[in-house]
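Novice: When the sequence shown is numbered by the working numbering, its final residue is 205 and no position is left out of the sequence of numbers.
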Amino acid sequence: MKAAELLHNDVPPILPEESMEKALSWMDEFMVKHLPVVKDGKYLGLISDEMILDHNTLSDDISQLSLMGRQYAVKRTAHMYKVIHLMSSHLLTLIPVVGDQNDFLVYLIESLNEHDCITYRF
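Shown next as structure tokens:
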């Protein structure tokens, strides 16, 4: 099973010029701890609720944060094993799926959980 078969798009990516307060609000609304940061269709990195809370100034833009890098994304052809490994080893609640030119496509969300992994027959 490839990443492209597990895609979701109900959590919008956030722009670097958006406020950290808005990002936290979206995280709460969509029940995730991470959001992809995208500018002009390009994936820039991930932010986490912990990064925002450590920053202490919710009115600041997302661009004030050091984003979690591109290693926290997978290509659409990535195997499910890689997705599971990245999500579990970095405790990610979602993982962006990017195209060949680092174009942001969509993301995989933590609903790819233990139950899904156990019931999926490899």
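In this text, a Cβ means the ideal position worked out from N, Cα and C, and glycines have one as well.
At what residues does the alpha helix (DSSP H) containing lysine 116 begin and finish?
Specialist: That residue, lysine 116, is in no alpha helix (DSSP H); it is neither H nor E in DSSP.
Novice: So tyrosine 155 is in the alpha helix (DSSP H); what residue range does that whole segment cover?
Specialist: No alpha helix (DSSP H) holds tyrosine 155; DSSP gives it neither H nor E.
Novice: Are serine 146 and proline 95 touching if we call contact CB-CB under 7 Å?
Specialist: For serine 146 and proline 95, no; Cβs fall outside 7 Å.
Novice: Given a threshold of 16 other Cβ atoms within 10 Å of its Cβ, counted over all protein chains shown, does tyrosine 164 qualify as buried or as exposed?
Specialist: exposed
Novice: Around the Cβ of leucine 136, are there at least 16 other Cβ atoms within 10 angstroms (buried) or fewer (exposed)?
Specialist: exposed
Novice: Is it true that the CB of tyrosine 126 sits closer than 7 Å to the CB of alanine 156?
Specialist: yes
Novice: Below 7 Å between beta carbons: does that hold for leucine 169 and methionine 151?
Specialist: no
Novice: Report the three-state DSSP secondary structure of serine 142 (helix, strand or coil).
Specialist: coil
Novice: Near glutamate 104, which residues of its chain fall below 7 Å by C-beta distance, leaving aside the five closest residues on each side in sequence?
Specialist: Result list for glutamate 104: Leu141, Ser142, in chain order.
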